[in-house]
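*Asks:*
In this note's numbering, the protein residues as written are 160 to 592.
If you want it as structure tokens, here you go:
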């Protein structure tokens with residue numbers, strides 16, 4: 160059985176608050192990329208494919224560093240590991256200062272990789288922690304709460320980015336920014352210094368919160384059925400779960416980080432804040448998870464619904480007219496919120512479609528791993544590399560075809576695999592079954 164060693168008490172409120180703060184930081188750092196991509200594309204004179212190396216540099220850290228970070232956690236424990244992750248994040252944030260002052264794309268990519276490394280150890284520690292903090296049946300609900308906090312940060316960060324970095328400009332459209340002189344672009348790049356200084360200070364301060372508050376360590380008890388198991392490769396539900404997360408994070412990043420590029424190409428004036436639309440829909444999805452799992456909706460059912468809804472959204476992106484604003488005008492046109500072209504609306508709606516994939520896959524994939532839980536967690540974290548590979552594939556297809564809207568077809572096989580995992584993959588306990 161997997162438990163949290165809390166002297167058999169059920170006092171989880173304090174640890175949930177601390178982990179919730181960490182998840183907010185995850186979201187703030189991660190979803191800032193959605194605003195950075197179209198911004199760096201302009202100030203560094205990049206094409207779509209080059210710009211999406213922002214996601215590659217950030218998410219590839221999860222693949223490269225997941226197993227080393229799992230080893231660190233084994234040596235230091237989860238609590239100390241979280242503190243180390245925050246320190247690395249603080250260092251990564253500070254590297255943004257020379258990157259912004261020099262407007263060097265290479266230095267930006269180095270900073271993003273270091274930030275991703277810090278998040279790798281934090282994610283490897285915190286996700287299984289939330290899963291094991293209570294009953295298995297409600298694990299997706301607890302992760303949904305964390306996801307709600309995470310995506311809430313994703314709603315806020317594009318608005319903060321626009322207010323801090325793009326304030327005072329006559330127009331923030333892609334065409335207007337492209338008309339700026341070299342000196343004006345360098346000055347604009349320098350505006351990134353302030354938010355990343357704040358981010359570094361926050362990370363260093365949180366180290367004290369982690370170190371000097373009570374966070375119980377994870378205690379793993381070995382199941383008798385595991386005595387003949389020699390490694391994580393013998394657990395199909397974990398291997399396939401990692402692939403499902405690879406597919407999920409890929410489409411999540413595509414929905415959150417390419418929407419600004421798409422909006423810029425369609426001359427949407429507020430393109431830098433479009434990621435907020437995706438995040439709002441994801442927040443709605445997580446609210447559904449918090450309310451409905453496990454009372455009205457099982458983790459498997461949530462995953463099945465996510466796969467089907469994601470396929471439908473992708474088909475609508477590919478078939479809707481970019482000259483029509485009908486859907487968003489009908490839904491919120493009366494509210495004063497800026498309306499968006501229909502295909503951009505369906506890109507944002509992908510956020511609602513796949514919101515419950517992450518919270519559903521984790522408990523299903525970790526179930527029964529026992530002493531292999533740390534390896535399984537590292538493996539699932541490696542699945543985050545989908546956020547590096549699939550957006551880059553999207554960027555290549557968009558650039559080579561000259562049709563960014565048509566490139567969204569890459570999401571369909573991803574959602575199909577998520578559907579397979581929901582129906583069959585998570586039930587497999589041997590490769591012959």
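Every residue, glycine too, gets a C-beta built ideally from N, C-alpha and C.
Quantities reported herein were computed from a predicted structural model and do not represent experimental measurements.
Would you say residue 400 and residue 520 are within 8 Å of each other, going by their C-beta atoms?
*Replies:* yes
*Asks:* CA-CA distance, residue 261 and residue 268?
*Replies:* Between residue 261 and residue 268, the alpha-carbon positions lie close to 13 Å from each other.
*Asks:* Could you say which of 565, 252, 287, 359 lies nearest to residue 526 if we only look at CA atoms?
*Replies:* Comparing Cα positions, the closest option is 287.
*Asks:* Give the secondary structure of residue 575 by DSSP, where H, G and I count as helix, E and B as strand, and everything else as coil.
*Replies:* Taken through DSSP and simplified to helix, strand or coil, residue 575 comes out as helix.
*Asks:* When DSSP labels each residue in this structure, what does residue 453 get in the three-state scheme?
*Replies:* coil
*Asks:* Which of helix, strand or coil does DSSP assign to residue 279?
*Replies:* helix
*Asks:* Within the chosen definition, does the region 208-227 reach the region 537-557 through at least 3 CB pairs nearer than 8 Å?
*Replies:* yes
*Asks:* Quick one: Cα of residue 503 to Cα of residue 236, how far?
*Replies:* Straight-line Cα distance between these residues: approximately 43 Å.
*Asks:* How about the region 555-571 and the region 410-427: do they share at least three Cβ pairs that are nearer than 8 Å?
*Replies:* Segments in contact, yes.
*Asks:* Looking only at its own chain, which residues have a Cβ that is under 6 Å from the Cβ of residue 413, when we skip the five neighbours before and after it?
*Replies:* 550, 553
*Asks:* Under 8 Å: do the region 508-524 and the region 205-212 share three or more Cβ pairs, one atom per stretch?
*Replies:* no
*Asks:* Can you determine whether any heavy atom of the ligand ATP sits closer than 7 Å to the C-beta of residue 518, and answer yes or no?
*Replies:* In the structure shown, the ligand ATP is absent, as is every other ligand, since no ligand is present at all.
*Asks:* If you measure between the beta carbons of residue 198 and residue 431, is that distance less than 8 Å?
*Replies:* yes
*Asks:* Please work out which residues of its chain come closer than 7 Å, Cβ to Cβ, to residue 259, disregarding the five sequence neighbours upstream and downstream, and give them in chain order.
*Replies:* Excluding positions up to five away in sequence, the list reads 348, 349, 351, 352.
*Asks:* Is residue 370 buried or exposed, if buried means 16 or more other CB atoms sit within 10 Å of its CB?
*Replies:* So residue 370 counts as exposed.
*Asks:* How many whole angstroms separate the CB atoms of residue 180 and residue 365, which I take to be in contact at a CB cut-off of 8 Å?
*Replies:* The Cβ separation is near 7 Å, so the contact holds.
*Asks:* Taking all protein chains shown into account, decide if residue 450 is buried (16 or more other Cβ within 10 angstroms of its Cβ) or exposed.
*Replies:* exposed
*Asks:* Could you tell me the alpha carbon to alpha carbon distance between residue 343 and residue 201, rounded to whole angstroms?
*Replies:* The alpha-carbon of residue 343 is positioned some 12 Å away from that of residue 201.
*Asks:* Who are the near neighbours of residue 606 in its chain, counting only those whose CB is closer than 7 Å to its CB and skipping five residues on each side?
*Replies:* Outside the shown range of the chain, which is 160 to 592, sits residue 606, and nothing can be said about it.
*Asks:* To test your reading of the DSSP string, which unbroken beta strand (DSSP E) runs of 3 or more residues are found completely within the region 186-210?
*Replies:* none
*Asks:* Measure how close the beta-carbons of residue 459 and residue 547 come, nearest whole angstrom, since I'm counting them as under 8 Å.
*Replies:* The Cβ separation is near 28 Å, so there is no contact.
*Asks:* What does the alpha-carbon distance come out to for the pair residue 532 and residue 492?
*Replies:* Using only the alpha carbons, I get a separation of about 48 Å.
*Asks:* Within the region 215-283, note down every full alpha helix (DSSP H) run reaching 4 residues or more, in order along the chain.
*Replies:* 237-261
*Asks:* Specify, as a first and last residue, the run of the alpha helix (DSSP H) that residue 372 falls within.
*Replies:* First-last for residue 372: undefined, no H or E at that position.
*Asks:* Residue 108: buried (16+ other C-beta within 10 angstroms of its C-beta) or exposed?
*Replies:* What the structure shows of the chain is the stretch from 160 to 592, and residue 108 is not part of that stretch, so it cannot be assessed.
*Asks:* Output the distance between the C-alpha atoms of residue 461 and residue 172, rounded to the nearest integer angstrom.
*Replies:* 25 Å
*Asks:* Give the DSSP-derived three-state secondary structure of residue 316 in the structure shown.
*Replies:* DSSP places residue 316 in helix when its eight states are reduced to three.
*Asks:* Which of helix, strand or coil does DSSP assign to residue 590?
*Replies:* Residue 590: coil per DSSP, three-state reduction.
*Asks:* Expressed to the nearest angstrom, what Euclidean distance is found between the alpha-carbon atoms of residue 367 and residue 250?
*Replies:* Approximately 16 Å, taken between the alpha carbons.
*Asks:* Can you tell me whether residue 480 is buried or exposed, with buried defined as 16 or more other CB within 10 angstroms of its CB?
*Replies:* exposed
*Asks:* Hey, how far is the Cα of residue 440 from the Cα of residue 510?
*Replies:* 5 Å
*Asks:* Assuming residue 323 and residue 354 are in contact, meaning their beta carbons sit under 8 Å apart, how far apart are those beta carbons, in whole angstroms?
*Replies:* About 6 Å separates the two Cβ atoms, so the contact holds.
*Asks:* Buried or exposed: which applies to residue 500, given that a residue is buried once 16 or more other Cβ atoms fall within 10 Å of its Cβ?
*Replies:* Buried, because 16 or more other Cβ atoms sit within 10 Å of the Cβ of residue 500.
*Asks:* Could you give the C-beta distance for residue 473 and residue 568, rounded to a whole number, given that I count them as a contact under 8 Å?
*Replies:* 7 Å
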